[in-house]
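Number of protein chains: 2
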Amino acid sequence: MPIYDKQDYPTVDVRHFLEPGPVVLVSSAHKGETDIMTMGWHMIMEFSPALVGCIISPANHSHELVRRSGECVINVPTIELANQMVDIGNSTGTRIDKFKEFGLTAHTGNIVHAPMIGECFASFECRLAKDDMIDELGFFVWEVVKAHVDQTVTAPKTLHYRGRGEFMVAGDSLDLSARFKPEVL
Amino acid sequence: MPIYDKQDYPTVDVRHFLEPGPVVLVSSAHKGETDIMTMGWHMIMEFSPALVGCIISPANHSHELVRRSGECVINVPTIELANQMVDIGNSTGTRIDKFKEFGLTAHTGNIVHAPMIGECFASFECRLAKDDMIDELGFFVWEVVKAHVDQTVTAPKTLHYRGRGEFMVAGDSLDLSARFKPEVL
Numbered sequence: 018m019p020i021y022d023k024q025d026y027p028t029v030d031v032r033h034f035l036e037p038g039p040v041v042l043v044s045s046a047h048k049g050e051t052d053i054m055t056m057g058w059h060m061i062m063e064f065s066p067a068l069v070g071c072i073i074s075p076a077n078h079s080h081e082l083v084r085r086s087g088e089c090v091i092n093v094p095t096i097e098l099a100n101q102m103v104d105i106g107n108s109t110g111t112r113i114d115k116f117k118e119f120g121l122t123a124h125t126g127n128i129v130h131a132p133m134i135g136e137c138f139a140s141f142e143c144r145l146a147k148d149d150m151i152d153e154l155g156f157f158v159w160e161v162v163k164a165h166v167d168q169t170v171t172a173p174k175t176l177h178y179r180g181r182g183e184f185m186v187a188g189d190s191l192d193l194s195a196r197f198k199p200e201v202l
Numbered sequence: 018m019p020i021y022d023k024q025d026y027p028t029v030d031v032r033h034f035l036e037p038g039p040v041v042l043v044s045s046a047h048k049g050e051t052d053i054m055t056m057g058w059h060m061i062m063e064f065s066p067a068l069v070g071c072i073i074s075p076a077n078h079s080h081e082l083v084r085r086s087g088e089c090v091i092n093v094p095t096i097e098l099a100n101q102m103v104d105i106g107n108s109t110g111t112r113i114d115k116f117k118e119f120g121l122t123a124h125t126g127n128i129v130h131a132p133m134i135g136e137c138f139a140s141f142e143c144r145l146a147k148d149d150m151i152d153e154l155g156f157f158v159w160e161v162v163k164a165h166v167d168q169t170v171t172a173p174k175t176l177h178y179r180g181r182g183e184f185m186v187a188g189d190s191l192d193l194s195a196r197f198k199p200e201v202l
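Chains A and B supply the protein sequences, listed in that same order. Counting from 18, one number per residue, gives the positions in the first sequence under our numbering. Counting from 18, one number per residue, gives the positions in the second sequence under our numbering.
Set out below in structure tokens:
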């Protein structure tokens, strides 16, 4: 698996990678412990500040780590990591070090303490922005405080979960920009 | 454009169509007025009750209609409706009847008053479940109270927005169910 060479990327544009709806890997750290979880329930909520909402259930070991640290990294994997994505979702970080177990490389972020995953072409450092609905629904609202993207990856083959073990793989690109009003682009 | 023959579908399984992250069309009705908006910022939040969160900004004419009626229908279009999806997003319902303008067929739902779009293969009738974050972020949480799907559509070519007028078209299916623990399927 390649380790990507990521550069700084504008946080206002993280929609480019998250709005299509890929399964992501959420990495976290708290008091020397790290974890990774596979997550499909997320959405862009605001351009600036760049807000991302997601569900992380208390049943996930990561819940405690992201809640106590108030930080995470949202990493976007592609099809080369398909098996690891499933295996990470099928295991729990209370028993194993997922970076070691799944052969992933932890890179240090610029702002948060949660590690970035080297084998993902995009990583977004996040700080907890709203906690109102954590207790009720496990709903976290994050501000992306720093974005890192390998911009040589132009049409990432991301995976999109349908449930029951079935994924949709990102297909062709379709440019309809000529049909848009210029002011909304 | 075909008009789909939709059947009842379990609300607990609407993730199958929404979790992959397609652009959807939100239809609404209030006091005799109807509207449709194109929407990409949404997520599954709970299986049962089937909750879906989404952002509908006050800048959208639909905001007032869905807020006052407490209802909407989330319709999932495919690539055949690409031009209409863009044009709907580029126009405002204060000036036109979008069903008439874009040649779409309004079907009556079973529970809510908002119309379903006949040319979409899946339509989810929704009632407002949580309004806590509407004022701050335009964030609505809906309960899907009735789902309608044409189940002959097995690998829908949905569109997934990247911003700047560019879409990703849903590609191949990848079945990794054999790799999952049976109890999480």
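Just so you know, even glycine gets a beta-carbon here, dropped at the ideal spot from N, CA and C.
Within chain B, the residues 191, 193 have their CB atoms less than 8 Å from the CB of residue 99 of chain A, given in chain order.
Per DSSP, reduced to three states, the secondary structure at residue 67 of chain A is coil, with no helix or strand assignment. Neighbours of residue 151 of chain A across chain B, judged by C-beta separation under 9 Å, do not exist; the nearest C-beta is about 12 Å away. Along the length of the stretch 60-120 of chain B, whole alpha helix (DSSP H) runs at least 4 residues long occupy 78-86, 99-106, 115-118, reported in chain order. Counting along the chain, the unbroken beta strand (DSSP E) around residue 160 of chain A starts and ends at 156-166. In chain order, 144, 145 place their CB closer than 7 Å to the CB of residue 87 of chain B, counting only its own chain and leaving out the 5 sequence neighbours on each side.
Annotated three-state conformation of residue 171 of chain B is coil, per DSSP.
Excluding its 5 nearest sequence neighbours in each direction, residue 35 of chain A has C-beta neighbours in its own chain below 7 Å: 59, 61, 69, listed in chain order. The beta carbon of residue 38 of chain A is closer than 7 Å to those of 177 in its chain, skipping five residues each way along the sequence. Closest option to residue 119 of chain B, judged by alpha-carbon separation, among B/202, B/197, B/53, B/200: B/53.
Only residues of its own chain outside the window of five on either side were considered, and among them 160 have a CB closer than 6 Å to the CB of residue 66 of chain B, listed in chain order. With a beta-carbon spacing of about 6 Å, residue 95 of chain A and residue 175 of chain A fall inside the 8 Å limit used to define contacts. Between residue 189 of chain B and the set B/199, B/172, B/182, B/180, the nearest pair of CA atoms involves B/172.
For residue 123 of chain A against residue 51 of chain A, the beta-carbon gap comes to about 7 Å, under 8 Å, which counts as contact. The shortest CA-to-CA distance from residue 199 of chain A to any of B/132, B/104, B/111 is the one to B/104.
Under DSSP, residue 21 of chain A forms no beta bridge with any residue.
For residue 149 of chain A, the closest of A/71, A/201, A/106 by C-alpha to C-alpha distance is A/71. Taken through DSSP and simplified to helix, strand or coil, residue 151 of chain B comes out as helix.
Contact note: residue 60 of chain B reaches chain A through 58, 59, 60, 70, using a C-beta cutoff of 7 Å and chain order.
Bounds of the alpha helix (DSSP H) holding residue 33 of chain B are 32-35. By the neighbour-count definition (other C-beta atoms within 10 Å, threshold 16), residue 19 of chain B is an exposed residue. When rounded, the separation of the alpha-carbon atoms in residue 127 of chain A and residue 133 of chain B is 47 Å. Distance between residue 78 of chain A and residue 179 of chain A, taken at the CA atoms: about 23 Å. Between residue 141 of chain A and residue 43 of chain A, the CB-CB gap reaches or exceeds 8 Å.
In the structure shown, residue 181 of chain A adopts coil according to DSSP, grouped into three states.
By the Cβ-count criterion, residue 195 of chain A is exposed, with fewer than 16 other Cβ atoms from all chains shown falling within 10 Å of its own Cβ. Residue-level contact check: residue 37 of chain A touches chain B, since one or more beta carbons of chain B fall below 8 Å from its beta carbon. Its Cα nearest to that of residue 97 of chain B, the residue B/136 stands out among B/111, B/73, B/136.
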